[in-house]
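Just so we're on the same page, my numbering is the position in the sequence shown counted from 1, plus 75. Down below is the structure, laid out as structure tokens.
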Amino acid sequence: MAVLWLDEITADDLELVGGKGASLGELTGAGLPVPSGFVVSAGTYRSFIEDTGIAEELFEAVDVDAEDSAALAEAQSRAKELVLETEMPEDIRQEILDSYDDLGGVSESNDSEARGTGSRAGENFVAVRSSATAEDLPDASFAGQQETFLNVTREDLVDRVKRCWASLFTQRAIYYRQEKGFDHSVVDIAVVVQRMVDAEKSGVMFTSHPSTGDPRIIIEAAWGLGEAVVSGSVSPDNYVVNRETGAVEELTIADKKTMMEKDEATGETVEREVAEDKREAQVLDEADIARLVELGERVEDHYGTPQDVEWAIVDGEVLMLQSRPITTIDDGETEIQTDATEASASESEGITDGSGAVETAGAESDAGTGAGEGDVLVSGLGASPGIASGAVRIVTQLDQLDKVSEGDIIVTEMTTPDMVPAMKRAAGIATDEGGMTSHAAIVSRELGVPAVVGCTDATTTLTDDQRITIDGDKGTITEGRKETTEEREPIEEARPKTPVKPMTATEVKVNVSIPEAAERAAATGADGVGLLRMEHMILSTNKTPARYIDDHGVDAYVNEIVEGVRGVADEFYPRPVRVRTLDAPTDEFRQLQGGEDEPDEHNPMLGYRGIRRSLDRPDVFAHELEAFARLYEMGYDNVEIMLPLVNDAEDVIQARNLMEESGIDPEKRTWGVMIETPASALGVEKMAEQGIDFASFGTNDLTQYTLAVDRNNEKVADRFDELHPSVLQLISQTIETCREHDVDTSICGQAGSKPKMVQHLVDEGVSSISANIDAVRDVQHEVKRVEQKLLLDSVR
Numbered sequence: 076m077a078v079l080w081l082d083e084i085t086a087d088d089l090e091l092v093g094g095k096g097a098s099l100g101e102l103t104g105a106g107l108p109v110p111s112g113f114v115v116s117a118g119t120y121r122s123f124i125e126d127t128g129i130a131e132e133l134f135e136a137v138d139v140d141a142e143d144s145a146a147l148a149e150a151q152s153r154a155k156e157l158v159l160e161t162e163m164p165e166d167i168r169q170e171i172l173d174s175y176d177d178l179g180g181v182s183e184s185n186d187s188e189a190r191g192t193g194s195r196a197g198e199n200f201v202a203v204r205s206s207a208t209a210e211d212l213p214d215a216s217f218a219g220q221q222e223t224f225l226n227v228t229r230e231d232l233v234d235r236v237k238r239c240w241a242s243l244f245t246q247r248a249i250y251y252r253q254e255k256g257f258d259h260s261v262v263d264i265a266v267v268v269q270r271m272v273d274a275e276k277s278g279v280m281f282t283s284h285p286s287t288g289d290p291r292i293i294i295e296a297a298w299g300l301g302e303a304v305v306s307g308s309v310s311p312d313n314y315v316v317n318r319e320t321g322a323v324e325e326l327t328i329a330d331k332k333t334m335m336e337k338d339e340a341t342g343e344t345v346e347r348e349v350a351e352d353k354r355e356a357q358v359l360d361e362a363d364i365a366r367l368v369e370l371g372e373r374v375e376d377h378y379g380t381p382q383d384v385e386w387a388i389v390d391g392e393v394l395m396l397q398s399r400p401i402t403t404i405d406d407g408e409t410e411i412q413t414d415a416t417e418a419s420a421s422e423s424e425g426i427t428d429g430s431g432a433v434e435t436a437g438a439e440s441d442a443g444t445g446a447g448e449g450d451v452l453v454s455g456l457g458a459s460p461g462i463a464s465g466a467v468r469i470v471t472q473l474d475q476l477d478k479v480s481e482g483d484i485i486v487t488e489m490t491t492p493d494m495v496p497a498m499k500r501a502a503g504i505a506t507d508e509g510g511m512t513s514h515a516a517i518v519s520r521e522l523g524v525p526a527v528v529g530c531t532d533a534t535t536t537l538t539d540d541q542r543i544t545i546d547g548d549k550g551t552i553t554e555g556r557k558e559t560t561e562e563r564e565p566i567e568e569a570r571p572k573t574p575v576k577p578m579t580a581t582e583v584k585v586n587v588s589i590p591e592a593a594e595r596a597a598a599t600g601a602d603g604v605g606l607l608r609m610e611h612m613i614l615s616t617n618k619t620p621a622r623y624i625d626d627h628g629v630d631a632y633v634n635e636i637v638e639g640v641r642g643v644a645d646e647f648y649p650r651p652v653r654v655r656t657l658d659a660p661t662d663e664f665r666q667l668q669g670g671e672d673e674p675d676e677h678n679p680m681l682g683y684r685g686i687r688r689s690l691d692r693p694d695v696f697a698h699e700l701e702a703f704a705r706l707y708e709m710g711y712d713n714v715e716i717m718l719p720l721v722n723d724a725e726d727v728i729q730a731r732n733l734m735e736e737s738g739i740d741p742e743k744r745t746w747g748v749m750i751e752t753p754a755s756a757l758g759v760e761k762m763a764e765q766g767i768d769f770a771s772f773g774t775n776d777l778t779q780y781t782l783a784v785d786r787n788n789e790k791v792a793d794r795f796d797e798l799h800p801s802v803l804q805l806i807s808q809t810i811e812t813c814r815e816h817d818v819d820t821s822i823c824g825q826a827g828s829k830p831k832m833v834q835h836l837v838d839e840g841v842s843s844i845s846a847n848i849d850a851v852r853d854v855q856h857e858v859k860r861v862e863q864k865l866l867l868d869s870v871r
């Protein structure tokens, strides 16, 4: 049989119907309210490719080098062509259509006897969803890689089933399977066909606390179809319910700007604005919450393990659309405490600004020098938290990086992008130059490596092979080794220690400077990446763009960008990853091969950089845009384009035109600008009229250009203040203007990790805040605190 009905399926049928199909069948068999439907089995897909004779050619087509973007694109194209252009055998085709017709007579009571007794379905709408046999496995999650089609009618059903089959071979799916060691030829795919639910309300529900397993149900809800919640395109309401008492312990009402629903005229799923009176209205009433809690308990009891459930409400009835086990619950084992986490635990409550310091009310700076054993040899700024001991490796030239081994301490004048591989090996980093926004500081924080910067004389005071202890919290380097029995695990340190992510209407994202930090950044549980810097992907080649293209060709240059972005986009998918186009000042380029051709500028920060360089060299900018176009073709629809150092609408118009010339549709892709100059803040309304989707504050540049303070000049460093009233006023005006034009606002500068800035942004209604990796959870809690205060103030 080509088709199995949901009431014939159990959880044991994973190989037949895939993860999604098995889950829905199990729920149906348990008597839970599930929309009626059937599954085109995985065996049917296998029969299709084997009986039609395309299997061998199909698997040969996708057996390519996963690191070769061009080969991946060709593999996807050929596989899609083979599947879609091969005629489906008539017996399979007819059984699928007959099942669709029978679906018209199936009631939502899941009564199998009703099948075939009702009228034919005619123009009944169905949802067609892929259900791969490798989906939702303990060691790999392939969910979200295959296609889903909503509001499908009989006329298009067979085509949509074939498109689900073809989606087994998207570039992203091919790449991911090869990375995880799965043989393409053994992964099958089933297709779930269910009666379409025209949801009035929908969302997701965790039946138990996602980290501790405590009896608290967490519900997210929005208006319309659930795709908006699952994809993250709308901020939903959040409810935390005590299962034992049924009481709502925490409630966050979001500003729900958009919703997904079926267009009655075309049958297509469309995004529409939520009516003004419902945008900030509570989605679920007491009866809805009580029914969801009841069903949540039944599902968890049935499976014997906490569940992550997708649900919808139609005419007051709650329907369950999917259920999968929660895999994030702590097993109760004691986590390893590093020196850094022990130190932070002893501090009074506060919020880290990413520098290793903790801001608290009335706290005073600890300038003590008794860190570790021995005397203080060198001191500077604690730029990346943690304590590490090891042997000194003085690095004055790039050809000395090979002497850095695992566990050594790099001591250098200043770090550069091509030092990143060695920085990953090092236990700690110390530099003579640099501040909290230097390359060494940013990269060390993202890698989770303790660092002290701005030491002035570290390279002359310390010697090779000397044993030292570096304290990235206090900013000290002491003689001797501090013995510790625990190994540091940077990724685990980034993983939140607090039980569950705070529910906030304001999204909290993370800044990622280098692709190598993606896994650690993703472990924070952030809502996406607010800033991924493209220049580090280029600078790490140690060649200027022009020299790299001359030496290796355009395709290799584009691939450098594609591979760098793809590594981050994979870690976060489907959460958004906002990629800033090239924004390196000429003094950084002058240090690279080919740098002799760069202009010698008196003040590079005010010079040839950002969008002004891109528009002046559209030929080079086109290669960056080609990388984005390739990523979209590969299925990375979570990638967003951010243009740096934009001044006015004319910059936006020119950039948008170049995007269109590169095959990027600005209407379909998410793109926006950085607000880094007073001119851009004052002119954001004109930019909004040109179609930008977001405006993101780069507070380092916005502050230096507003206050006329060079952020790299230590003589005026005390005047650099992101919280200056003039800077805050520009931010407030921008947020207000963007809200009027339905343009999202965010912050990706380091100031976004400071509590006073967080409070100001949330008060003003910013859409998202992007924090440094080590500050994400603290910022989430601060955002929640401010939002709750605003709610309380509004009702008092």
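Just so you know, even glycine gets a beta-carbon here, dropped at the ideal spot from N, CA and C.
Between the C-alpha atoms of Arg585 and Leu178, what's the straight-line distance to the nearest angstrom?
In the sequence shown, the residue the question calls residue 585 occupies position 510. In the sequence shown, the residue the question calls residue 178 occupies position 103. Per the sequence shown, residue 585 should be read as Val rather than Arg. Looking at the two C-alpha atoms, the distance is approximately 46 Å.
Close-in-space but distant-in-sequence residues of the same chain around Trp386 (CB under 8 Å, 5 per side omitted)
Numbered from 1 along the sequence shown, position 311 holds the residue referred to as residue 386. If we look at Trp386 and ignore the five residues flanking it on each side, its Cβ neighbours are Ser277, Gly278, Val279, Met280, Gly301, Leu367, Leu370, Val393, Leu394, Met395 and Leu396.
Who are Phe647's beta bridge partners in DSSP?
Position 572 of the sequence shown, counted from the start, is the residue given in the question as residue 647. Its beta-bridge partners do not exist; DSSP assigns none.
What are the start and end residues of each continuous beta strand (DSSP E) run of 3 or more residues lying completely inside the region 245 to 299, in chain order?
264 to 270, 276 to 281 and 291 to 298
Distance check for Ile716 and Val861, CA to CA, integer angstroms please.
As a working mapping, residue 861 is identified with position 786 in the sequence shown. As a working mapping, residue 716 is identified with position 641 in the sequence shown. If you take the alpha carbons of Val861 and Ile716, they lie about 30 Å apart.
Would you kindly work out how many angstroms separate the C-alpha atoms of Ala783 and Glu676, rounded to a whole number?
Counting from 1 along the sequence shown, the entry for residue 783 is found at position 708. Counting from 1 along the sequence shown, the entry for residue 676 is found at position 601. Answer to the nearest angstrom: the Cα atoms are 18 Å apart.
For Thr560, collect the residues of the same chain with a Cβ closer than 7 Å to its Cβ; drop the 5 residues on either side in sequence, then sort them by chain order.
Within the sequence shown, residue 560 is the residue found at index 485, counting from 1. Confidence is the limiting factor: at Thr560 the pLDDT is only 45, short of 50, which leaves the residue's position unreliable and the question unanswerable from this model.
Taking just the CA atoms, how far does Gln253 sit from Phe134?
Residue 134 sits at position 59 when you count from the first residue of the sequence shown. Residue 253 sits at position 178 when you count from the first residue of the sequence shown. Between Phe134 and Gln253, the C-alpha separation is close to 13 Å.
Among Ala362, Ala515, Lys499 and Met498, which one has its Cα closest to the Cα of Thr506?
Reading the sequence shown from its first residue, position 431 is the one you call residue 506. The shortest Cα separation from Thr506 among Ala362, Ala515, Lys499 and Met498 belongs to Ala515.
Straight-line Cα distance separating Lys331 from Trp298:
By 1-based counting over the sequence shown, the position of residue 298 is 223. By 1-based counting over the sequence shown, the position of residue 331 is 256. About 8 Å.
Would you report the Cα separation of Leu102 and Val109, rounded to the nearest angstrom?
As a working mapping, residue 102 is identified with position 27 in the sequence shown. As a working mapping, residue 109 is identified with position 34 in the sequence shown. Each residue's alpha carbon lies about 7 Å from the other.
Assuming Ile293 contacts Val323 (C-beta within less than 8 Å), just tell me the rounded distance between them.
Position 218 of the sequence shown, counted from the first residue, corresponds to residue 293. Position 248 of the sequence shown, counted from the first residue, corresponds to residue 323. That pair is no contact at about 11 Å.
Candidates Met578, Glu735 and Arg731: which alpha carbon is nearest Asp853's?
What you label residue 853 is simply residue 778 of the sequence shown in a count that begins at 1. Asp853 has its Cα closest to that of Met578, out of Met578, Glu735 and Arg731.
Among Leu757, Asp477, Gly112 and Glu343, the one whose alpha carbon lies nearest that of Leu777
The residue you call residue 777 lines up with position 702 of the sequence shown. Nearest C-alpha to Leu777: Leu757.
Return the CA-CA distance between Ala644 and Asp360, expressed in angstroms with no decimal places.
Along the sequence shown, one-based indexing puts residue 644 at 569. Along the sequence shown, one-based indexing puts residue 360 at 285. Those two C-alpha atoms are separated by around 37 Å.
Can you give the Cα-Cα distance for Ser821 and Ser842, rounded to whole angstroms?
Residue 821 sits at position 746 when you count from the first residue of the sequence shown. Residue 842 sits at position 767 when you count from the first residue of the sequence shown. Their backbone Cα atoms lie some 6 Å apart in a straight line.
Assuming Gln834 is part of the alpha helix (DSSP H), what are its boundary residues?
Within the sequence shown, numbered from 1, the residue matching residue 834 stands at position 759. Unbroken alpha helix (DSSP H) run through Gln834: Pro830 to Glu839.
Would you report the Cα separation of Asp273 and Cys823, rounded to the nearest angstrom?
Looking up residue 273 in the sequence shown gives position 198. Looking up residue 823 in the sequence shown gives position 748. About 38 Å.
With 16 other Cβ atoms within 10 Å as the buried cut-off, status of Met271:
Taking the sequence shown and counting its residues from 1, one reaches residue 271 at position 196. Buried.
Are Ala296 and Val349 close, meaning C-beta to C-beta below 8 Å?
The residue you call residue 296 lines up with position 221 of the sequence shown. The residue you call residue 349 lines up with position 274 of the sequence shown. Against a cut-off of 8 Å, the Cβ pair of Val349 and Ala296 comes out as no contact.
Gln668, buried or exposed, once every other Cβ within 10 Å from all chains shown has been counted against 16
The count along the sequence shown starts at 1 and reaches residue 668 at position 593. It is exposed - the Cβ of Gln668 has fewer than 16 other Cβ atoms within 10 Å.
Would you mind working out which of Gly256, Phe772 and Leu225 sits nearest Gln269, comparing C-alpha positions?
Walking along the sequence shown from the start, residue 269 turns up at place 194. If we check each option's Cα against that of Gln269, Leu225 comes out closest.
Which residue or residues does DSSP assign as beta-bridge partners of Gly722?
Working through the sequence shown from its first residue, we reach residue 722 at position 647. For clarity, residue 722 is Asn in the given sequence; the question names Gly instead. Residue pairing from DSSP leaves Asn722 without any beta-bridge partner.
Minimum length 4: unbroken alpha helix (DSSP H) runs contained in the region 573 to 641:
593 to 597, 610 to 614 and 620 to 627
Using a Cβ-Cβ cutoff of less than 8 Å, which residues in the same chain neighbour Ser421 once the five nearest sequence positions on both sides are dropped?
Here residue 421 is taken as the residue at index 346 of the sequence shown, counted from 1. Below a pLDDT of 50, predicted positions are generally treated as unreliable, and Ser421, at 33, falls in that range; the measurement from the model is reported next regardless. For Ser421, where only same-chain residues beyond five positions count, there are no Cβ hits under 8 Å.
Quick check: the Cα distance between Ser122 and Pro381, rounded to an integer number of angstroms?
For the purposes of this step, residue 122 is identified with residue 47 of the sequence shown, where counting begins at 1. For the purposes of this step, residue 381 is identified with residue 306 of the sequence shown, where counting begins at 1. Straight-line Cα distance between these residues: approximately 36 Å.
Throw me the rounded Cβ distance for the Arg247 and Lys95 pair, which I believe falls under 8 Å.
As a first step, residue 247 is located in the sequence shown; it is residue number 172 there, counting from the start. As a first step, residue 95 is located in the sequence shown; it is residue number 20 there, counting from the start. Contact doesn't hold; Cβ gap of about 18 Å is too wide.
In chain order, what residues of the same chain lie with their CB nearer than 8 Å to the CB of Thr85, ignoring the 5 residues before and after it?
As a position in the sequence shown, residue 85 is number 10, starting the count at 1. Excluding residues within five positions, the ones whose Cβ falls inside 8 Å are Ala97, Gly100, Glu101 and Gly104.
Rounded to whole angstroms, what is the Cα-Cα separation between Thr161 and Ser111?
As a working note, residue 161 is residue 86 in the sequence shown. As a working note, residue 111 is residue 36 in the sequence shown. Thr161 and Ser111 have their C-alpha atoms spaced approximately 30 Å apart.
So, at 8 Å on beta carbons, what are the nonlocal neighbours of Ser57 in its own chain, with the 5 sequence-adjacent residues on each side left out?
Outside the shown range of the chain, which is 76 to 871, sits residue 57, and nothing can be said about it.
Between which two residues does the beta strand (DSSP E) harbouring Arg814 extend?
Position 739 of the sequence shown holds residue 814. Segment Pro800 to Glu815 is the alpha helix (DSSP H) holding Arg814; no beta strand (DSSP E) there.
Considering only the beta carbon of each residue, do Val460 and Gly321 sit closer than 8 Å?
By one-based count along the sequence shown, residue 460 stands at place 385. By one-based count along the sequence shown, residue 321 stands at place 246. One point to set straight first is that residue 460 is Pro, not Val, in the sequence displayed. Against a cut-off of 8 Å, the Cβ pair of Gly321 and Pro460 comes out as no contact.
Of the residues Ala592, Gly639, Phe795 and Ala533, which one's Cα is nearest the Cα of Glu508?
Residue numbering aside, residue 508 sits at position 433 when the sequence shown is read from its first letter. Closest by alpha carbon: Ala533.
In or out: His816 buried (at least 16 other Cβ within 10 Å) or exposed?
On the sequence shown, position 741 is the one that residue 816 refers to. Residue environment: His816 is assigned as exposed (fewer than 16 neighbouring CB atoms within 10 Å of its CB, all protein chains considered).
Whose C-alpha, out of Thr812, Met489, Leu243 and Arg786, is nearest the C-alpha of Glu764?
In the sequence shown, counting from the first residue as 1, residue 764 sits at position 689. Closest by alpha carbon: Thr812.
Please state the DSSP three-state secondary structure of Tyr314.
Residue numbering aside, residue 314 sits at position 239 when the sequence shown is read from its first letter. Here Tyr314 sits in strand by DSSP.
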